[in-house]
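In my numbering, the protein residues as written are 16 to 272.
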């Protein structure tokens, strides 16, 4: 008999070793029978929990930054954040490091973390890029939107309009974000959507005064309804123009003058 034996699943066994596939691994590898290294179910669950906690804490902190709970330049104390979000300091640090990558937070060695403060030119640059990308998605949206998605978009526009009169700043921010997510949902270019929202997250909106007058909030709502109407008409050119103006007018410091 050969020193190699073939098992039923076509994998080969070497004396003293087992060809095994660790959970989550793509390839089989040789594992010594006396010193097997196996990824246990508990280990997998622990990894999933850590990732979930990171996403949860990072999202909540990003939301608080965007809604002005933490102003640009303010220092973020890990002990206070851990208490605020009911998590460990380790989870807070991982969340802060993630937001450093996303340029919402800046790390200063030997001092800590503070909310990132973009300069005016950078803010305009980001808005210009967003205007190009989002207006370029107009034809894709018009072509692929489904009736149910259009209904959802209209409901999001109506909810934001309601909050312009009766909502809090947080409700206005969240409903505006929901509208733009619903607007881009039909887009087939998922990488573009991801990039657009990454750019949106680089500059805190409400914290920097996205709507520093009620007139601007009302105008934003009117622009939302105009976008819905353009989609209903299947007018991609009009939608592209509306998107471009919507973004650039938000960034115009003289928009209330």
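A virtual CB, placed ideally from N, CA and C, is assigned to each residue, including glycine.
If contacts are defined as beta-carbon pairs under 8 angstroms, then residue i and residue j qualify, I think. What distance do you get, rounded to the angstrom?
i	j	result
residue 113	residue 73	5 angstroms
residue 91	residue 127	7 angstroms
residue 117	residue 217	7 angstroms
Give me the DSSP bridge partner(s) of residue i.
i	result
residue 188	Answer is none; residue 188 lacks a bridge partner.
residue 130	120
residue 148	None; residue 148 has no bridge partner.
residue 91	128
Buried or exposed, going by whether 16 or more other CB atoms sit within 10 Å of the CB of residue i?
i	result
residue 183	exposed
residue 54	Caution applies to residue 54, whose pLDDT of 43 falls short of 50 and renders its modelled position unreliable; the model cannot decide the point.
residue 149	buried
residue 103	exposed
residue 76	buried
residue 230	exposed
residue 4	Residue coverage of the chain in this structure runs from 16 to 272, which leaves residue 4 outside it and unanswerable.
residue 176	buried
residue 187	buried
residue 213	exposed
Check residue i in the structure and name its three-state DSSP category.
i	result
residue 49	Low confidence applies to residue 49: its pLDDT is 40, below 50, so where it sits in the model is not reliable enough to give any reading.
residue 203	coil
residue 160	coil
residue 216	helix
residue 248	coil
residue 106	helix
In terms of alpha-carbon separation, which member of the options lies closest to residue i?
i	options	result
residue 71	108, 130, 251 and 244	108
residue 165	119, 93, 208 and 201	201
residue 154	259, 252, 258 and 239	252
residue 119	208, 171 and 79	79
Do residue i and the ligand MG come close, with the Cβ less than 7 angstroms from some heavy atom?
i	result
residue 148	With respect to the ligand MG, the structure shown offers nothing to examine, as it has no ligands at all.
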